[in-house]
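Data block below; observations after.
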Amino acid sequence: MEPNKGLVSALFLFFLLHATMASPTPKPHIKPRSPPHHPCRHLTFYFHDIIFNGKNSKNATAAIVGSPPWGNRTILAGQSHFGNLVVFDDPITLDNNLHSAPVGRAQGFYIYDRKDIFTAWLGFSFVFNSTQHRGSINFAGADPLMNKTRDISVIGGTGDFFMTRGVATLETDAFEGEVYFRLRIDIKLYECW
Amino acid sequence: MEPNKGLVSALFLFFLLHATMASPTPKPHIKPRSPPHHPCRHLTFYFHDIIFNGKNSKNATAAIVGSPPWGNRTILAGQSHFGNLVVFDDPITLDNNLHSAPVGRAQGFYIYDRKDIFTAWLGFSFVFNSTQHRGSINFAGADPLMNKTRDISVIGGTGDFFMTRGVATLETDAFEGEVYFRLRIDIKLYECW
Amino acid sequence: MEPNKGLVSALFLFFLLHATMASPTPKPHIKPRSPPHHPCRHLTFYFHDIIFNGKNSKNATAAIVGSPPWGNRTILAGQSHFGNLVVFDDPITLDNNLHSAPVGRAQGFYIYDRKDIFTAWLGFSFVFNSTQHRGSINFAGADPLMNKTRDISVIGGTGDFFMTRGVATLETDAFEGEVYFRLRIDIKLYECW
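The listed protein sequences derive, respectively, from chains L, E and U. Be aware that the first sequence starts at 17, since it is given in the numbering used here, and climbs by one per residue. Be aware that the second sequence starts at 17, since it is given in the numbering used here, and climbs by one per residue. Be aware that the third sequence starts at 17, since it is given in the numbering used here, and climbs by one per residue.
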């Protein structure tokens, strides 16, 4: 019965190899549920938002372009700025210094969406065009900005960030009156091509 | 030693075949095309939108914050509301009762984008912070709202909905004048981590 | 020839098991990094944007619905239109002729987001309802519109484009004053279901 022994050994090895090499997943879109997941790429930046207030047109990187019926476009409205739509083109820096050389621009909008507390909805991109990074990362999600940290989605990317997806954690790093704020963003990419 | 020879041949063929057929699938991003797909997670909710009309500031969950040149921000504009941008923070409920305990908030915006029929473009999040769900689901897409049902994309998620993707089917469940509407949303997630 | 019988059985079982258990990939979300990637679907269209300027209400497909404090909603603002939010419902054609039969509608918004150069952030959908295509493709991303070509993300889809993802390359194909422009869009889908 030597042949069967060969068969048994072959199958045993097959299972062993199969388990270590091939194992999962019948359906490639059912990702392994067990946390923690490890990002395939991890980047940290700061970006700086200076809202136009009628007097700072030289330095402003953002402007109110929509407001609720009870507001205007020079001062953020009452009721937690509910209804204010802000467009921005903010410098991205590697450290928390507004005056550091920007490595890219954060471009897009946020819209305050709650009357009783500060929350916003964000749609924006990081646009890079330097020797280090070229391409864009696109973001969308809810920002309950009174929380110390909050997560939004990385919904796509181009260039060096072709087809990427992930989660970005925002943290307010500085907040000065209603004109300047600085966000720290921790970008964890879980799909890298 | 014939059996071992058989074993060796089997393993050799196994490797050969594995390398060409199986191994680290050439294109893991080509998902099985054959419908129907089965969601890895399926959730149904209702959310309730009350637009501010100048008189209902206590109950309103939404406000017009942008309008076309021919409109204002207290009444939805003519020509199918084309150009009206509405921000919302709507309660999410498990049944179709506005007064049921909300399980989360639907936060974001819609923008009417057609002159001859009611259609809108949506960007919003479901934000959960309860014992049952924690995290957010992010949505984007076109809403031809005169259709009985219409599909938008789930473009990402965080927390319990980490990295998810899917399709959500919207259905107008109630519509009262131009102030209140209620949507039923059937969320089918096809990528679960 | 017993060994060969063992070999045949082993291979038979291997195929059987392989087909049911193994097929794809240890980590489906780590995509092969090596470019170039080949799209699983490739589509090219044109779309046509005619901004309302107070006089062309019959032909206009777009309207300014948000503006910075220094602007209005009938003329695009100074400083590279920074802060102008435009809603659109543009016809999609197969060739570059505005008067060709549209195959769908491009619906959504763009928002000029930079003071010193023309750039915009886009959120929109292609909505198809013809014999050829049924469903929608959803887009988001930064558009540095002075560049000859620029890439945005395909963040999802429905119907015929169920769950798709990809990259779309925009190119300004015509630009007439500040009222009409035509974009060529080259849609490369890299995730097809």
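Backbone N, C-alpha and C fix where the C-beta goes; we use that ideal spot for every residue, glycine too. What you are looking at is a predicted structure, and each value in this text was computed from that prediction instead of being measured.
Does residue i come within less than 8 Å of chain E when only Cβ atoms are used?
i, result
"Thr135 (chain L)", "yes"
"Asp167 (chain L)", "yes"
"Asp105 (chain U)", "yes"
"Arg181 (chain L)", "yes"
"Phe142 (chain L)", "no"
"Pro52 (chain L)", "no"
"Pro40 (chain L)", "The predicted model places Pro40 (chain L) with a pLDDT of 39, which falls under 50 and marks its position as unreliable; any figure quoted below should be read in that light. Chain E contact via Cβ: absent."
"Ala76 (chain L)", "no"
"Thr174 (chain U)", "yes"
"Leu32 (chain L)", "Unreliable placement is indicated for Leu32 (chain L), whose pLDDT of 44 sits below 50; the coordinate value is still reported in the next sentence. No, no contact with chain E."
"Leu29 (chain U)", "Bear in mind that the predicted position of Leu29 (chain U) carries a pLDDT of just 47, short of 50, making it unreliable; the figure below should be weighed with that in mind. Not an interface residue."
"Leu92 (chain U)", "no"
Taking 8 Å as the threshold (beta carbon to beta carbon), is residue i in contact with chain L?
i, result
"Ile66 (chain E)", "no"
"Pro55 (chain U)", "no"
"Ile171 (chain E)", "yes"
"Phe178 (chain U)", "no"
"Asp129 (chain U)", "yes"
"Arg150 (chain E)", "no"
"Leu161 (chain U)", "no"
"Trp209 (chain E)", "yes"
"Ile80 (chain E)", "yes"
"Leu114 (chain E)", "no"
"Ala156 (chain E)", "yes"
"Gly87 (chain E)", "no"
"Asp189 (chain U)", "no"
"Pro84 (chain U)", "yes"
"Thr60 (chain E)", "no"
What residues are listed by DSSP as bridge partners for residue i?
i, result
"Ala136 (chain L)", "L:Tyr128 and L:Asp159"
"Phe104 (chain L)", "L:Ala78 and L:Gly124"
"Glu192 (chain L)", "L:Tyr196"
"Asp65 (chain L)", "L:Phe197"
"Cys56 (chain U)", "The partner list for Cys56 (chain U) (beta bridge, DSSP) is empty, contrary to what the question assumes."
"Lys204 (chain U)", "U:His58 and U:Val183"
"Val143 (chain E)", "E:Arg121 and E:Ser152"
"Ser169 (chain U)", "U:Ala156 and U:Val183"
"Gly175 (chain E)", "E:Gly151"
"Thr109 (chain L)", "L:Tyr62"
Of all the CB atoms in chain U, is at least one closer than 8 Å to the CB of residue i?
i, result
"Val102 (chain E)", "no"
"Phe197 (chain L)", "no"
"Ala122 (chain E)", "no"
"Gly193 (chain L)", "no"
"Tyr206 (chain E)", "yes"
"Thr147 (chain L)", "no"
"Gly210 (chain L)", "Residue 210 (chain L) lies beyond the residue range present for chain L, which begins at 17 and ends at 209; the question has no answer from this structure."
"Gly70 (chain L)", "yes"
"Thr109 (chain L)", "no"
Check whether the Cβ atoms of residue i and residue j lie closer than 8 Å to each other.
i, j, result
"Thr60 (chain L)", "Asp167 (chain L)", "no"
"His122 (chain E)", "Phe104 (chain E)", "The sequence shown places Ala at residue 122 (chain E), not His. Yes. Within cutoff."
"Ile66 (chain U)", "Asn75 (chain U)", "yes"
"Lys164 (chain L)", "Val183 (chain L)", "no"
"Asn154 (chain E)", "Gly173 (chain L)", "no"
"Gly82 (chain U)", "Val195 (chain L)", "no"
"Met162 (chain L)", "Ile127 (chain L)", "no"
"Glu192 (chain L)", "Arg200 (chain L)", "no"
"Gly151 (chain E)", "Asp176 (chain E)", "yes"
"Asn3 (chain E)", "Thr90 (chain E)", "In the structure as shown, chain E begins at 17 and stops at 209. Residue 3 (chain E) is therefore absent and cannot be evaluated."
"Asp159 (chain L)", "Gly124 (chain E)", "no"
"Thr185 (chain L)", "Glu207 (chain L)", "no"
"Thr7 (chain U)", "His64 (chain U)", "No answer is possible for residue 7 (chain U): the residues shown for chain U start at 17 and end at 209."
"Gly120 (chain E)", "His149 (chain E)", "yes"
"Ala79 (chain L)", "Gly99 (chain U)", "yes"
"His54 (chain E)", "Trp209 (chain U)", "no"
"Ser146 (chain E)", "Ile171 (chain U)", "no"
Residues of chain A with CB under 7 Å from residue i, in chain order?
i, result
"Phe125 (chain U)", "Any reference to chain A falls outside this structure, whose protein chains are L, E and U."
Touch test, the region 134-148 of chain E against the region 123-143 of chain L, Cβ-Cβ under 8 Å, three pairs minimum: yes
Contact between the region 81-88 of chain U and the region 107-115 of chain E (3+ Cβ pairs under 8 Å): no
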